[in-house]
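The block underneath contains the structure these notes are about, expressed in structure tokens.
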Amino acid sequence: MKILVLIRETFPTDELLTEKNLKEKRILNPYDEYALFQAKKIKEKSEGEIVCLFLSHRKTQYGLRTALGLGGDRGIFVYYPQKNIEEIAEALAREIKEEKYDAILMGNRDVNDDREELPSRLGVLLGLPIYSHLLSIDYQDFHFLAKREREETIDTIKILKNGIFAFSQNVYEPEYPSISSIMSIKDKAVRDIYYENIISREDEKIVYQDIYRRLEIYKNITAEKGTEELLNYMKKWKLID
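In structure tokens form, the structure reads like this:
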């Protein structure tokens with residue numbers, strides 16, 4: 191069995207967000223990392239191969255190497271500097287179509303973006319069904335058994351057809367590569383795809399707010415004055431127009 195795990199990177203979720211962290215540090219998206227752990231469970235039963243397709247807005251392959259140290263057998267590194275989700279889905283779909291996979295696993299969403307668009311866009315482009323909001327997956331007797339989260343219940347579903355398995359569970363206790371796993375990374379093949387000098391179709395402008403908002407404390411003022419000061423503060427930080 192050949193399993194593809196799609197992995198994105200995100201800002202550090204276990205550290206205080208500073209300007210330096212936001213610019214320089216990245217970790218594996220916890221939802222995608224959890225998908226990798228689920229892929230390892232399937233591999234143990236099917237003796238297959240795990241291919242990690244790593245999407246990055248940066249040219250460093252550190253995140254992909256981490257994924258390979260955590261159980262990936264082979265890597266595909268996709269550098270795509272733009273953030274238009276439609277373009278990203280089209281680029282990833284092109285690379286996925288290069289090979290035939292028995293299952294595609296990924297996180298339901300990215301920590302940076304909780305709109306959960308990517309799995310559904312890939313499903314349309316690849317013509318595959320989406321099995322979303324999964325908590326776990328197992329493989330036995332030539333079919334998948336997945337636990338899916340519902341509003342009030344957790345259902346177990348039997349899946350016979352290949353598709354995109356998207357997990358809503360994330361990693362709360364990250365696993366770290368062992369010494370032997372780290373040493374084995376250099377022997378694992380990686381295919382590089384760089385999208386450079388592209389013209390994005392992005393038609394939105396994103397304004398990032400300053401994360402260092404000054405603490406304001408108002409004492410011994412009237413309700414009318416306090417309301418005025420609060421409105422001025424919110425306008426200053428563009429919380430309201």
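Those letters in the sequence shown? Residues 191 to 431, by the working numbering.
For each residue, glycine too, the CB sits at the ideal point set by N, CA and C.
Whole angstroms is fine: what's the gap from residue i's alpha carbon to residue j's?
| i | j | result |
| --- | --- | --- |
| G297 | G416 | 44 Å |
| K192 | I407 | 58 Å |
| E363 | E288 | 34 Å |
| Y340 | I347 | As written in the sequence, residue 340 is Arg, which differs from the Tyr given in the question. Taking the straight line from one Cα to the other gives about 12 Å. |
| A229 | N387 | 34 Å |
| K215 | E209 | 10 Å |
| L243 | L335 | 24 Å |
| E306 | F227 | 20 Å |
| Y291 | N422 | 56 Å |
| V361 | G259 | 16 Å |
| E234 | K426 | 55 Å |
| L325 | L420 | 43 Å |
| L194 | D431 | 45 Å |
| L318 | A225 | 18 Å |
| I327 | D222 | 14 Å |
| V301 | S310 | 17 Å |
| Y252 | L245 | 12 Å |
| P220 | F267 | 18 Å |
| K249 | D263 | 21 Å |
What whole-angstrom Cβ distance do residue i and residue j have, given they're in contact under 8 Å?
| i | j | result |
| --- | --- | --- |
| L218 | I197 | 6 Å |
| Y321 | I344 | Going by Cβ atoms, the distance from Y321 to I344 rounds to 14 Å, so no, they are not a contact pair. |
| L312 | I275 | So it is not a contact: roughly 10 Å between Cβ atoms. |
| L254 | V380 | 7 Å |
| H323 | S358 | 4 Å |
For residue i versus residue j, is the C-beta distance shorter than 8 Å?
| i | j | result |
| --- | --- | --- |
| E269 | Y384 | Reading the sequence as shown, one finds Tyr at residue 269 and not Glu. Yes. Within cutoff. |
| H247 | K231 | no |
| N352 | A283 | no |
| I286 | L316 | yes |
| K337 | G265 | no |
When you compare the CB of residue i with every CB in chain C, is at least one pair closer than 8 Å?
| i | result |
| --- | --- |
| D263 | Absent from the structure is chain C; it holds one protein chain and no more. |
Threshold first: 3 residues or longer. Then list the beta strand (DSSP E) segments lying entirely within the segment 300-369, N to C. 320-330, 333-339, 344-349, 354-357
Taking the runs of the alpha helix (DSSP H) that are 4 residues or longer, which of them lie wholly in the segment 206-266? 209-214, 220-236, 252-259
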